[in-house]
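Its first residue numbered 1, the sequence shown is counted upward by one per residue in full-length UniProt numbering. Glycine included, every Cβ here is placed at the ideal spot set by N, Cα and C. Structure record follows, encoded as structure tokens.
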Amino acid sequence: MAQRRQQRRRGADPKAGAGKGMPGPSLDGVESVWGGATERDWTKLLTAAGRVPLEQSWTYGEAIAAGSPYRPVRGVFRSGGRTVALVQAMVWSVAGTVRLVKLVRGPLFLDPEPDPAVRDAVFRLIRDRWPLARANALFWTPELADGPGADRLMRGLGMHRTVTGYTTAWLDLSPGPDALRAGLRQNWRNQLVRAERERLRIRDSHGGAALGWLVERHDEHRRRRRFGGPTGTFAAALAVLAPNPQDVLVLRAERGSEPVAGVLFLRHGDAATYHLAWTGPDGRAAHAHNRLVWEGVVRLAAAGVRWLDLGGLDASMPGVTRFKLGLGVAPVTLTGTWF
Numbered sequence: 001m002a003q004r005r006q007q008r009r010r011g012a013d014p015k016a017g018a019g020k021g022m023p024g025p026s027l028d029g030v031e032s033v034w035g036g037a038t039e040r041d042w043t044k045l046l047t048a049a050g051r052v053p054l055e056q057s058w059t060y061g062e063a064i065a066a067g068s069p070y071r072p073v074r075g076v077f078r079s080g081g082r083t084v085a086l087v088q089a090m091v092w093s094v095a096g097t098v099r100l101v102k103l104v105r106g107p108l109f110l111d112p113e114p115d116p117a118v119r120d121a122v123f124r125l126i127r128d129r130w131p132l133a134r135a136n137a138l139f140w141t142p143e144l145a146d147g148p149g150a151d152r153l154m155r156g157l158g159m160h161r162t163v164t165g166y167t168t169a170w171l172d173l174s175p176g177p178d179a180l181r182a183g184l185r186q187n188w189r190n191q192l193v194r195a196e197r198e199r200l201r202i203r204d205s206h207g208g209a210a211l212g213w214l215v216e217r218h219d220e221h222r223r224r225r226r227f228g229g230p231t232g233t234f235a236a237a238l239a240v241l242a243p244n245p246q247d248v249l250v251l252r253a254e255r256g257s258e259p260v261a262g263v264l265f266l267r268h269g270d271a272a273t274y275h276l277a278w279t280g281p282d283g284r285a286a287h288a289h290n291r292l293v294w295e296g297v298v299r300l301a302a303a304g305v306r307w308l309d310l311g312g313l314d315a316s317m318p319g320v321t322r323f324k325l326g327l328g329v330a331p332v333t334l335t336g337t338w339f
């Protein structure tokens, strides 16, 4: 790992571009460049983009590649001499003739409200890179809010929705702890107050034994309850491949010497993701999960993180959904997966 990190090239200013890649087609003044970005380049671009999902991080691409036949393909888009967007897709070349392409929660734009012509050109350049006529099966879940505008854009590319939208919620950490606490829903705040009165010790780490303990409990719970979501093995891979140890935050609540709950946060650029968690019976009785998530919010904000992605909201798990929305956030549903 240390050797791999030593081999990184110095990154470029996000406004100027990122690395030297293979020039691709241009459209309406937007140029595409594929490959060539280093890990440092990519992280700088993610930071410049602001509210970015884990699935577009360098670490996510490398973790997928480590455990599957898919490989990351990364593209950067420029207009007027500056980078305007970036995208990471996972590609599996089957027998050298058919390509299966999964593009999840991208592209990302450095301008939060990109010029519509630039946005449309970026989407068209991505679609044209993997056309169905050339044996490409592109399954695309863009980072677009569900609605008529997203439908028009994707249907204009000749695509059809195959899966309804994924729903998540973003917490803006910039107001600071006092304002964030005031924004908590009453029941959530009451549970936090009760948890703070409990004799719980909160320990933090950036991986190691605490992460191993949490992964084991999480996977055991997944098997017993038979629910989907991230596996502990994949979470461990993300932690190992993180460019900086501080990008991994494991918090564990203990009563005496006994762990009763744990959570994992992963940082990517100026955003972070609440990735997985486990709470035992004693932890639930003490509302330890509220305490851990709140501690995570405070520590991430202090470390300069602006946005926290709370992860999927699923109607089949109403308790989890209520818990996340209790942080005072509004759900956001994406347009879904298109083929």
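CB of residue i within 8 angstroms of CB of residue j, strictly
| i | j | result |
| --- | --- | --- |
| Thr141 | Val104 | yes |
| Val87 | Gly106 | yes |
| Leu200 | Ala285 | no |
| Arg291 | Ala150 | no |
| Leu144 | Leu300 | no |
| Val91 | Arg71 | yes |
| Lys324 | Leu308 | no |
| Asp146 | Gly336 | yes |
| Leu108 | Thr83 | no |
| Leu45 | Leu184 | no |
| Glu254 | Arg203 | yes |
| Leu238 | Ala89 | no |
| Ala235 | Leu264 | yes |
| Gly232 | Glu258 | no |
| His275 | Pro230 | yes |
| His221 | Phe339 | no |
| Glu31 | Arg74 | no |
| Val293 | Leu180 | no |
| Val260 | Gly280 | yes |
Spatial neighbours of residue i in its chain, beta-carbon cut-off 6 angstroms, leaving aside the 5 residues before and after
| i | result |
| --- | --- |
| Ser205 | Val250 |
| Thr321 | Leu313 |
| Arg9 | Any reading at Arg9 must be qualified, since the residue scores a pLDDT of 29, below 50, and its modelled position is unreliable; no value is offered. |
| Pro331 | Thr167, Ala169, Leu313 |
| Gly262 | Leu214, Arg252, Trp278 |
| Gly21 | Val33, Trp34, Gly35, Gly36 |
| Ser57 | His268 |
| Val329 | Ala169, Leu171 |
| Thr164 | Gly336 |
| residue 341 | Limits of the chain in this structure are 1 at one end and 339 at the other, which puts residue 341 out of reach. |
Which residues DSSP lists as bridging residue i, in chain order
| i | result |
| --- | --- |
| residue 347 | Given that the chain is displayed from residue 1 to residue 339, the structure contains no residue 347 and the question cannot be resolved. |
| Asp172 | Trp307 |
| Arg203 | Arg252 |
| Leu264 | Val250, Leu276 |
| residue 360 | Residue 360 is absent from the model: the chain starts at 1 and stops at 339. |
| Val298 | Beta-bridge pairing links Val298 to no other residue. |
| Met22 | Trp34 |
| Pro72 | Met90 |
| Phe109 | Ala85 |
| Glu258 | Arg255 |
| residue 340 | This structure gives no information on residue 340, because the portion of the chain shown stretches from 1 to 339. |
| Trp58 | Looking at the DSSP assignment, Trp58 forms no beta bridge with any residue, so it has no partner. |
| Ala145 | Leu334 |
| Arg161 | Trp338 |
| Thr231 | In the DSSP output, where bridge partners are listed per residue, Thr231 has none listed. |
Limits of the unbroken beta strand (DSSP E) element including residue i
| i | result |
| --- | --- |
| Val98 | 98-104 |
| Trp140 | 136-141 |
Limits of the unbroken alpha helix (DSSP H) element including residue i
| i | result |
| --- | --- |
| Thr47 | 39-49 |
| Arg129 | 116-129 |
| Arg189 | 186-197 |
| Val215 | 208-225 |
| Val320 | 318-325 |
| Leu180 | 177-182 |
| Ala285 | 281-285 |
Short CB-CB distance (under 8 angstroms) between residue i and chain C
| i | result |
| --- | --- |
| Asp309 | No chain C appears in this structure, which consists of one protein chain only. |
Sequence-distant residues of the same chain with beta carbon closer than 7 angstroms to residue i, five excluded per side
| i | result |
| --- | --- |
| Asp128 | Pro25 |
| Asn187 | Gly326 |
Contact set for residue i: own chain, Cβ-Cβ below 8 angstroms, skip 5 residues either direction
| i | result |
| --- | --- |
| Pro14 | With a pLDDT of 47 at Pro14, under the threshold of 50, the modelled position of this residue cannot be trusted, and the question is left open. |
| Arg124 | Leu27, Leu157 |
| Arg189 | Arg181 |
| Ala66 | Ala237, Leu241 |
| Pro175 | Gly183 |
| Ala303 | Gln246, Arg267 |
Residue i beta carbon near the ligand FMN (any heavy atom closer than 7 angstroms)
| i | result |
| --- | --- |
| Val263 | Only the bare structure without any ligand can be found here, which leaves the ligand FMN out of the picture. |
Taking 8 angstroms as the cut-off, does the segment 132-139 touch the segment 95-103 (at least 3 CB pairs, one atom from each stretch)?
yes
Contact between the segment 41-60 and the segment 268-279: three or more CB pairs below 8 angstroms?
yes
Indicate whether the contact test is met: 3 or more Cβ pairs, each with one atom in the segment 113-125 and one in the segment 23-32, closer than 8 angstroms.
yes
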